[in-house]
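J.: Chains as they are written, first to last, in my numbering: chain A, 528 to 685; chain B, -7 to 111. Beta carbons are placed, not taken as given, at the ideal position from N, Cα and C, and that holds for glycine.
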């Protein structure tokens, strides 16, 4: 996972929208993104990966970034950069840092030594071609990059 | 936001406790999932989770499934799964859930493999 964010000027913005920070609204974001990118006719598996990544990143923003406070928005932008889709999911979070997307230890979880949770960023990283996490004053921004074409799942395993 | 609350049904299929899952597996599914597991563990073993009518599983849902696997390990039972879409099958592989939970395309093939041996 890289930490630097490429300049916005390279992107062709396709759409921006926001969802309120209420549990379940990650599905609104997921479905809206699917609608926005439908013009690219992504291969179905690639589209499913994108939808999962968007839903997970938005859910993180709602729960952890904005603390499920409906008066705070999660902002989502969708852009095209060369042959890639670039999505930015930004919360208003001011406290929690987004942790690194380390592989969860499933053996420890099954043995009861770790919480069964902690899959979000790991899933996101494995759904997209690149993941940037950016911390700025008063905001967390998760940037997802997925190629319009290409292959496959899984950069790593738990 | 409209979500699809999880509903479950537990039934016996040739000595396998099949848990049919209907709806979404997210944080709202915890009570339904744990209730279904409690019912299944007291009937027959092993347990087969049937995902054929599940449309959405998120990371919290993955955590709930990990919790079921941990419970089964403690209870000396085993869990298999069938009916996953190709996308969620990939996710079960990425997360390594498939290392601890055999995945089958459909219920008949799962029951064939998982049912207790006849005496």
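Taking Cβ-Cβ distances shorter than 7 Å, what residues in chain A pair up with residue 54/B?
T.: Simply 646.
J.: How is the alpha helix (DSSP H) around residue 57/B delimited, first residue to last?
T.: From DSSP, the alpha helix (DSSP H) with residue 57/B extends over 51 to 67.
J.: Evaluate residue 638/A with the Cβ neighbour count: other Cβ atoms within 10 Å of its Cβ, from every protein chain shown; 16 or more gives buried, anything less gives exposed.
T.: When all chains shown are included, residue 638/A counts as exposed.
J.: If you measure between the beta carbons of residue 616/A and residue 675/A, is that distance less than 9 Å?
T.: The answer is no: Cβ separation not under 9 Å.
J.: List the whole-angstrom C-beta distance separating residue 15/B from residue 46/B, where the pair is believed to meet the contact cut-off of C-beta under 8 Å.
T.: Between residue 46/B and residue 15/B the Cβ distance is about 7 Å, and since that is below 8 Å, they are a contact.
J.: Please classify residue 75/B: is it buried, with 16 or more other beta-carbons within 10 angstroms of its beta-carbon, or exposed?
T.: That one is buried.
J.: For chain B, is any of its Cβ atoms less than 9 Å away from the one on residue 572/A?
T.: Chain B, which has a Cβ nearer than 9 Å to the Cβ of residue 572/A, makes this yes.
J.: Show which residues of chain A have a CB atom less than 8 Å away from the CB atom of residue 1/B.
T.: By Cβ distance, chain A contributes nothing, its closest Cβ being about 24 Å from residue 1/B, past 8 Å.
J.: Under 9 Å between the Cβ atoms of residue 25/B and residue 0/B?
T.: Cβ distance < 9 Å, so residue 25/B and residue 0/B count as in contact.
J.: Round the Cβ separation of residue 11/B and residue 28/B to the nearest angstrom and send it over; I've been treating them as touching at under 8 Å.
T.: About 5 Å; that satisfies the 8 Å criterion.
J.: Out of 669/A, 647/A, 611/A and 603/A, which one is the CA nearest neighbour of residue 547/A?
T.: Taking only the C-alpha atoms, the option nearest residue 547/A is 603/A.
J.: If the cut is a Cβ gap below 8 Å, which residues of chain A does residue 79/B touch?
T.: Those are 572, 575, 576 and 579, listed as they occur along chain A.
J.: First and last residue of the alpha helix (DSSP H) that includes residue 32/B?
T.: First-last of the alpha helix (DSSP H) with residue 32/B: 22 to 33.
J.: Does chain A have any CB closer than 9 Å to the CB of residue 95/B?
T.: Not one chain A Cβ lies under 9 Å of residue 95/B.
J.: Counting contacts by CB-CB distance shorter than 9 Å, is residue 561/A in contact with chain B?
T.: So no, residue 561/A is outside the interface.
J.: Report yes if the C-beta distance between residue 574/A and residue 561/A is below 9 Å; otherwise report no.
T.: Yes, the pair counts as a contact, with Cβ atoms nearer than the cut-off.
J.: Assign residue 604/A to one of three DSSP states: helix, strand, or coil.
T.: Residue 604/A falls in the strand class under three-state DSSP.
J.: From the beta carbon of residue 638/A, is the nearest beta carbon of chain B less than 9 Å away?
T.: Interface residue, yes.
J.: Since residue 616/A is in the beta strand (DSSP E), which residue starts that stretch and which ends it?
T.: Taken as a continuous stretch (DSSP letters only), the beta strand (DSSP E) holding residue 616/A covers 611 to 618.
J.: Please name the residue in 92/B, 34/B, 64/B and 79/B whose C-alpha comes closest to that of residue 43/B.
T.: That would be 79/B, whose Cα lies nearest to the Cα of residue 43/B.
J.: Following the continuous beta strand (DSSP E) through residue 671/A, name the residue where it begins and the one where it ends.
T.: Residue 671/A -> beta strand (DSSP E) spans 666 to 674.
J.: Where does residue 566/A land, buried or exposed, given buried means 16+ other C-beta within 10 angstroms?
T.: By the neighbour-count rule (16 or more Cβ atoms within 10 Å), residue 566/A is not buried but exposed.
J.: Do you know whose CA, among 608/A, 619/A and 578/A, lies nearest residue 593/A's CA?
T.: For residue 593/A, the nearest C-alpha among the options comes from 619/A.
J.: Just verifying my parser: in three-state terms, what is the DSSP assignment at residue 529/A?
T.: Per-residue confidence for residue 529/A stands at a pLDDT of 48, beneath the threshold of 50, marking its modelled position as unreliable; the derived number appears in the next sentence. Residue state, collapsed to three classes: strand.
J.: To which residues of the same chain is residue 650/A closer than 6 Å at the C-beta, ignoring the five residues directly before and after it?
T.: Around residue 650/A: 583.
J.: Anything in the region 64 to 77 of chain B with a Cβ closer than 9 Å to a Cβ of chain A? List those residues in chain order, please.
T.: Hits within the stretch, in order: 65, 66 and 77.
J.: Please go through the same chain and pick out, in chain order, the residues whose beta-carbon is closer than 6 Å to the beta-carbon of residue 90/B, but skip the five residues on each side of it.
T.: Closer than 6 Å at the Cβ level, and outside the excluded window around residue 90/B, lie 84.
J.: Please give me, in chain order, every unbroken run of the alpha helix (DSSP H) with length at least 4 that falls completely inside the region 530 to 580 of chain A.
T.: Whole alpha helix (DSSP H) segments, 4+ residues: 552 to 563.
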